[in-house]
Amino acid sequence: MERTYLMVKPDGVQRNLIGEIVSRFEKKGFQLVGAKLMQVSKEQAETHYVEHKERPFFGELVDFITSSPVFAMVWEGENVIATARQMMGATNPKDSAPGTIRGEYAATVGKNIIHGSDSPASAEREIGIFFKEEELIEYSKLIKEWVY
Ligand code: GTP
Ligand code: MG
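UniProt numbering applies: residue 2 is where the sequence shown begins, and numbers increase by one.
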């Protein structure tokens with residue numbers, strides 16, 4: 002089953018949105034396979050955001066994601082990567098639709114509450130940055146028969 006890396010960013014944790022965000026993905030029918038509150042290191046941040054290394058806001062990105070704890074998660078489900086991105090809404094909250102996480106809770110692109118992998122390759126890479134294999138738990142839930 003497809004997996005994605007989702008992360009409530011420091012602004013989402015500080016604004017008490019962990020529960021709200023976890024609840025949305027649970028209710029959608031996705032399954033949590035790993036989660037932890039963690040302080041991201043500078044090395045992890047620079048690796049995670051390497052695709053933005055040449056952008057003018059790279060330093061800001063690294064400083065922000067390491068400024069306070071994040072809530073790191075791995076979720077599993079059919080089409081979870083693309084669906085989670087839809088549920089998050091557009092990167093810039095001025096464009097994110099009402100009802101999406103960013104559309105409901107974010108006001109600026111720099112503090113847009115949540116990160117989600119944008120492709121299968123990104124998901125695999127990002128899960129590897131933040132989780133060890135033994136932190137991801139494979140288990141079955143009866144509810145699956147009512148989702149799929
Ligand atoms: P993530 O799920 O966080 O990766 O967002 P995304 O995939 O929707 O956007 P992208 O990967 O292009 O950018 C990564 C993050 O950089 C965004 O979520 C924003 O928080 C931040 N970002 C993007 N553009 C800007 C910008 O112009 N200024 C600042 N300060 N941050 C930006
Ligand atoms: Mg991205």
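Every residue gets a Cβ at the ideal spot worked out from N, C-alpha and C, and that includes glycine.
Bear in mind the structure is a predicted one, so any value in this text is a computation, not a measurement.
Closest residue to residue i among the options (Cα-Cα distance)
i: residue 94; options: 88, 140, 108 and 66; result: 108
i: residue 12; options: 96, 102 and 144; result: 102
i: residue 64; options: 5, 89, 20 and 112; result: 112
i: residue 88; options: 31, 49 and 70; result: 31
i: residue 116; options: 79, 24, 92 and 52; result: 92
i: residue 15; options: 74, 99, 69 and 79; result: 69
i: residue 67; options: 52, 141, 33 and 10; result: 10
i: residue 127; options: 74, 23 and 57; result: 74
i: residue 78; options: 55, 34 and 106; result: 34
i: residue 124; options: 104, 82, 38 and 105; result: 82
i: residue 237; options: 110, 57, 20 and 141; result: Past the edges of the chain, shown from 2 to 149, lies residue 237, and the structure says nothing about it.
Reduced DSSP secondary structure (H/G/I, E/B, other) of residue i
i: residue 4; result: strand
i: residue 108; result: coil
i: residue 60; result: helix
i: residue 142; result: coil
Residue i: CB within 8 angstroms of a non-hydrogen atom of the ligand GTP
i: residue 10; result: yes
i: residue 91; result: yes
i: residue 55; result: no
i: residue 18; result: no
i: residue 111; result: yes
i: residue 106; result: no
i: residue 50; result: yes
i: residue 31; result: no
i: residue 131; result: no
i: residue 58; result: yes
i: residue 61; result: yes
Practice task
Give me every residue whose Cβ sits closer than 7 angstroms to any heavy atom of the ligand MG, in chain order.
Solution key: 116 and 119
Exercise for the section: Output the residue ranges of the beta strand (DSSP E) runs that lie fully inside the UniProt domain "Nucleoside diphosphate kinase-like" (2-139) and measure 3 residues or longer, sorted by chain position. Expected result: 4-9, 32-39, 71-77 and 115-117
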